[in-house]
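Participant:
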Amino acid sequence: MTNATDPFSASVIPFEVPEQMRAFAEKGVSQARESYAKFKDAAETHNSAIEAFFANASKGASEYSTKVMEFMRANTTTNLDFAQQLLGSKSPSEALELWTGHTRKLVETFTAQAKELGELGQKVATETVEPFKESASKLFRTAA
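Just so you know, we're using this note's numbering here: the sequence shown kicks off at 43 and counts up by one.
#1: Taking the alpha-carbon of Ala-103 as reference, which of Glu-176, Ala-178, Ser-177 and Gln-164 has the nearest alpha-carbon?
#2: Give a yes or no on whether the C-beta atoms belonging to Leu-128 and Ala-137 are separated by under 7 Å.
#3: Using CA coordinates, which residue listed in Ala-125, Phe-152 and Ala-91 is at the minimum distance from Thr-170?
#4: Alpha carbon to alpha carbon, what distance is there between Phe-124 and Gly-130?
#5: For Ser-12, which of helix, strand or coil comes out of DSSP?
#6: Just the C-alpha distance for Gln-62 and Lys-69, rounded to the nearest angstrom, thanks.
#7: Quick one: is the Cβ of Val-149 within less than 6 Å of any heavy atom of the ligand HEM?
#8: By DSSP, does Pro-60 sit in helix, in strand, or in coil?
#9: Note down the Cα distance separating Glu-58 from Ala-84, rounded to an integer number of angstroms.
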């Protein structure tokens, strides 16, 4: 039983699709499949680049924080040694000489540490961005 008000319950009217329309539709489906395959490949490539980015960033942050902790330990030891020497000084002139030498040593140490941290930061940044550079160069080579 078909309902006259329900358009979906009516019998299907057979008709034939012209060959040109069928070819056009098949070509569109084929192009869509190719585009999807390219998109999927690019997405998988970029996912691995993102994973490498985070792995490198995590490793670099660990190296950087380890280096900072090493510097803090060394600086604390140096300052405690200085305090012990200062407390053992016998005159104000000896204390001033110790203070001056310690200050000079601190400035040299902090300069060297800042340089080392800067170089390490640069290395970490370069290694972290490298997966994106490689991924982008692959993407642009295939697009060209």
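All C-beta atoms in this analysis are idealised placements derived from N, C-alpha and C, irrespective of residue type, glycine included.
Remember, it's a predicted structure, so these values are computed and weren't measured experimentally.
Facilitator: On the basis of the supplied data:
#1: Sequence index remark: in the sequence shown, residue 103 carries index 61 (1-based). Residue Gln-164 is the option with its Cα nearest to Ala-103.
#2: Reading the sequence shown from its first residue, position 86 is the one you call residue 128. Reading the sequence shown from its first residue, position 95 is the one you call residue 137. Cβ distance < 7 Å, so Leu-128 and Ala-137 count as in contact.
#3: Residue numbering aside, residue 170 sits at position 128 when the sequence shown is read from its first letter. Here the closest residue by C-alpha is Ala-91.
#4: In the sequence shown, the residue the question calls residue 130 occupies position 88. In the sequence shown, the residue the question calls residue 124 occupies position 82. Each residue's Cα considered, the two are about 10 Å apart.
#5: Given a span of 43 to 186 for the chain in the structure shown, any question on residue 12 remains unanswerable.
#6: For the purposes of this step, residue 62 is taken as the residue at position 20 of the sequence shown. For the purposes of this step, residue 69 is taken as the residue at position 27 of the sequence shown. Straight-line Cα distance between these residues: approximately 10 Å.
#7: Here there are no bound small molecules, and the ligand HEM is not part of this structure.
#8: The residue given as residue 60 occupies position 18 in the sequence shown. In the structure shown, Pro-60 sits in coil (DSSP, three-state: anything other than H, G, I, E or B).
#9: Locating residue 58 in the sequence shown gives position 16, counting from the first residue. Locating residue 84 in the sequence shown gives position 42, counting from the first residue. If I take the Cα positions, the gap works out to 39 Å.
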